[in-house]
Amino acid sequence: MVLHTLETPGHSPGSLCFYSTDANEFDGKKIDGILFSGDLIFQGSVGRSDFQGGNQNLLFSSIKNKIM
């Protein structure tokens, strides 16, 4: 599996996600890929940004411009 590194600042300094297009099926359903995001995003929510070095606007921008 090839993983692509996505810099996703905002949650905490140095926040990264990893994305792979090698996965094309999950639980019998076709998918476009798989994202390993740690605690950056959750179903229906996003991770906290109130840590030292966190920034809510930067977090939302990372999600919008690099993940969606």
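Numbering-wise, the sequence shown is residues 29 to 96 according to my numbering.
Don't be surprised by glycine CBs; every beta carbon is placed ideally from N, CA and C.
Predicted, not measured: the structure shown is a model, and the values here were computed from it.
{"Query": "Cβ neighbour criterion (16 or more within 10 Å) applied to HIS39", "Result": "buried"}
{"Query": "Proximal residues to LEU31 (C-beta, below 6 Å), its chain only, five neighbours per side dropped", "Result": "PHE46, SER48"}
{"Query": "Reduced DSSP secondary structure (H/G/I, E/B, other) of SER89", "Result": "helix"}
{"Query": "Inter-residue spacing [alpha-carbon to alpha-carbon] between ASN83 and LEU44", "Result": "15 Å"}
{"Query": "Through-space distance from LEU87 to SER77, alpha-carbon basis", "Result": "7 Å"}
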